[in-house]
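S.K.: If you scroll down you'll find the structure; I have some questions about it.
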Amino acid sequence: MSRSRSTSEDNKDPTLSTITPTQSPAEYRGDIEVHRLTARTKKDLEAARERILRNQALVRQDAPQLPFITFFRRKLTDEELDRVATQPSVYDDPATAKYFIPHPQWENLHRFDPDARWTWSEELPLIARLDWKVMLWACVAFFGLDLGRGNLAQANTDNFLPDLGLTTNDYNLGNTVFQLSFLNGTASNPLMPNDSFTQISRLTKFVFTIFRFLTYFYKNTELPFRLAIFWCTRRFTDIVAPIIAFGVLRLRGKEGHEGWRWLFLAEGAIMLSIGVFSAFFMPPSPTQTKAWYRPKGWFNEREETIMVNRIIRDDPSKGDMHNRQGLTLKLLWKSLCDFDLWPIYIFGMLWELPSGPPDQYLTLNLRNLGFSTFDSNLLSIPSQFCGAVTMLILTWLSVSYNERAFFGIITQLWYLPNLIALALLRRQSAHHYNWSVFAILTILLSYPSRKLTT
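Here it is, written out as structure tokens:
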């Protein structure tokens, strides 16, 4: 009786009706089959894919581990480890699998096997290896990138602007030009195929590419906390950079050069070393780890099968493109027209505005308050450490409670009282005023970042 009603409703609507958790597998398969016969247009097929994936999420199984990350995993029982780790997927039903056939040039197609099954005792150690081989070096590569992007903050403590005859207005203009150039490169380079490499495109598309790279190895539920660790690398860089500057800037006057020139040389050598090694170390995909300098690769055939199928079962859309394929203007326009993403775009443009100027001018402000070159560098460290801690805590809470919007406003609420305090602070004695400004700036810049949990 209920089956007849479902068939009748689907025949009226060319898109797949929402499957409720109370429907039986037979009803679910029947609805899919009816839709397969009635959906003809490309728009209908896309709607069907979205609805199938949405309904598939209702039957997902949780891994036997802590929800935020496998780095800190509780000890599992033998019974849990022997459980089948293969998650329910659209590929379990031929009627739904037809909507999600991988791209013929997908780099992992030779390991795609909808019938593959494995246990948690096989998958969890594999994830741990990915954390060490893939995630760790992604953070190291980001460290190399950010070391060069932020070294002006340390150079400013060594009279960088006066040495070059520049003013703070010139500094503002330089930062604006850099940000616009970086934004332009980041926005345009996804449209380029990944084999179209230039030095500029490698720099400007790094963050976009590394995010895409990580999705080749991790499921959607595994990424948020790992991306939090990835962004913590930026904070870690801002901790290490002042320590490097604390020593290198003492070379001022050696060979007739300023300390900031020696700093650029030292950090440039570090960046170059990381960049060259990364070009050879990071593989294109889970099934392409073999190379002339790595003949055995990282994984055997069984491990590659597990990696490929656990990823595509979690998100079949990852098989729609291959890893040498650039985005098109049509796909970009489609993303811009998705009004569900507009709040995220707006949030991404506005969320860091209150902290941007205090962050860029932190070392300059400390110098103007009377702190020495070396003290100014060291005093920039506490806010970065605290910011990393608050970022991890906020991400863990966001993932644990599966909530994004509420935690998204916490950063803005964090900014407000500190900005009010800076505006109302009055100079009484120089000593107390200087340390009061430092304390408020440190708390302000310890804000919990939300850029990844959205």
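Numbering (our numbering), first residue to last: -3 to 450.
Backbone N, C-alpha and C fix where the C-beta goes; we use that ideal spot for every residue, glycine too.
Remember, it's a predicted structure, so these values are computed and weren't measured experimentally.
For the candidate residues SER432, GLN101 and ASP78, whose alpha-carbon lies nearest to that of ASP316?
M.R.: For the residues SER432, GLN101 and ASP78, the minimum Cα distance to ASP316 belongs to GLN101.
S.K.: Is it the case that the Cβ atoms of THR407 and TYR443 are separated by a distance below 7 Å?
M.R.: In contact: THR407 and TYR443 (Cβ atoms closer than 7 Å).
S.K.: Mapping DSSP to helix, strand and coil, what is ARG422?
M.R.: Note: ARG422 maps to coil in three-state DSSP.
S.K.: Could you name the residues of the same chain whose beta carbon sits closer than 6 Å to that of THR438, not counting the 5 residues immediately before and after it, in chain order?
M.R.: If we look at THR438 and ignore the five residues flanking it on each side, its Cβ neighbours are PRO378 and SER379.
S.K.: For PHE138 and THR172, what's the separation of their Cα atoms in angstroms?
M.R.: Taking the straight line from one Cα to the other gives about 22 Å.
S.K.: In terms of residues, what are the limits of the alpha helix (DSSP H) holding LYS330?
M.R.: Here the alpha helix (DSSP H) through LYS330 covers 325 to 333.
S.K.: Have a look at the DSSP bridge pairing and note the partners of ARG290.
M.R.: Partner(s): ALA287.
S.K.: Between GLU251, PHE260 and PRO312, which has its C-alpha nearest SER85's C-alpha?
M.R.: That would be PRO312, whose Cα lies nearest to the Cα of SER85.
S.K.: Measuring CA to CA, which of TRP392, ALA151 and LEU120 is closest to ARG222?
M.R.: The option with the nearest alpha carbon to ARG222 is TRP392.
S.K.: Note down the Cα distance separating ASP166 from THR205, rounded to an integer number of angstroms.
M.R.: About 32 Å.
S.K.: Does DSSP put THR233 in a helix, a strand or coil?
M.R.: Reduced to three states, the DSSP call for THR233 is helix.
S.K.: Going by DSSP in three states, THR115 sits in which element: helix, strand or coil?
M.R.: Looking at THR115 - three-state DSSP - the assignment turns out to be strand.
S.K.: Which residue spans inside the stretch 128 to 158 form an unbroken alpha helix (DSSP H) run of at least 4?
M.R.: Runs found: 132 to 145 and 147 to 151.
S.K.: Since ASP88 is in the alpha helix (DSSP H), which residue starts that stretch and which ends it?
M.R.: Neither: ASP88 is in no alpha helix (DSSP H) and is coded neither H nor E.
S.K.: Using a 10 Å radius around the Cβ and a threshold of 16 neighbouring Cβ atoms, would you call PRO238 buried or exposed?
M.R.: It counts as buried.
S.K.: Whose C-alpha, out of MET278, TRP258, ARG230 and CYS228, is nearest the C-alpha of ALA241?
M.R.: Residue TRP258 is the option with its Cα nearest to ALA241.
S.K.: Ignore the nearest five residues each way along the sequence and tell me which others in SER368's own chain have a CB closer than 7 Å to its CB.
M.R.: Same-chain partners within the cutoff: there are none.
S.K.: Just checking my contact of CYS135 with THR229 at CB under 8 Å: how many whole Å lie between their CB atoms?
M.R.: At roughly 4 Å, the Cβ-Cβ gap stays under 8 Å, so CYS135 and THR229 are in contact.
S.K.: Distance check for TRP329 and ASP142, CA to CA, integer angstroms please.
M.R.: Spanning the two alpha carbons is a distance of roughly 30 Å.
S.K.: How far does the alpha helix (DSSP H) with SER442 in it reach, from first residue to last?
M.R.: Premise fails: SER442 is in no alpha helix (DSSP H) and is neither H nor E.
S.K.: Report yes or no: do the stretch 110 to 119 and the stretch 207 to 220 share at least 3 C-beta pairs separated by less than 8 Å?
M.R.: The answer is no - the stretch 207 to 220 does not touch the stretch 110 to 119, with fewer than three Cβ pairs under 8 Å.
S.K.: Going by DSSP, which residues form a beta bridge with VAL80?
M.R.: Beta-bridge pairing links VAL80 to THR115.
S.K.: What are the boundary residues of the alpha helix (DSSP H) that includes ILE97?
M.R.: Per DSSP, ILE97 belongs to no alpha helix (DSSP H) and is neither H nor E.
S.K.: Restricting to Cα atoms, I'd like to know which of GLY293, GLY161 and ASN430 is closest to GLY366.
M.R.: Here the closest residue by C-alpha is ASN430.
S.K.: My understanding is that ALA419 touches ILE436, with C-beta atoms under 8 Å, so please give their C-beta distance in whole angstroms.
M.R.: That belief does not hold up - the Cβ atoms of ALA419 and ILE436 are roughly 10 Å apart, past 8 Å.
S.K.: Looking at the secondary structure, which residues open and close the alpha helix (DSSP H) in which MET387 lies?
M.R.: 377 to 397 is the span of the alpha helix (DSSP H), which, as asked, contains MET387.
S.K.: In the structure shown, what three-state DSSP assignment does LEU365 receive?
M.R.: Coil, per DSSP.
S.K.: Determine the direct distance from the alpha carbon of ARG320 to that of HIS31, and round the result to whole angstroms.
M.R.: Since pLDDT at HIS31 reaches only 45, below the 50 mark, its modelled position is unreliable, and the value read off the structure follows with that caveat. Cα-Cα distance, rounded: 33 Å.
S.K.: Leaving out the 5 sequence neighbours to the left and right, which residues in its chain are closer than 8 Å to ASP88 when beta-carbon positions are compared?
M.R.: The residues are PRO110.
S.K.: Taking Cβ to Cβ, would you say SER281 is nearer than 7 Å to TYR214?
M.R.: Result no, Cβ atoms of SER281 and TYR214 do not sit closer than 7 Å.
S.K.: I need the DSSP call for ARG309, collapsed to helix, strand or coil.
M.R.: ARG309: helix per DSSP, three-state reduction.
S.K.: In the DSSP assignment, find the unbroken alpha helix (DSSP H) run with ASP109 in it and report its ends.
M.R.: Element bounds for ASP109: n/a, residue is neither H nor E.
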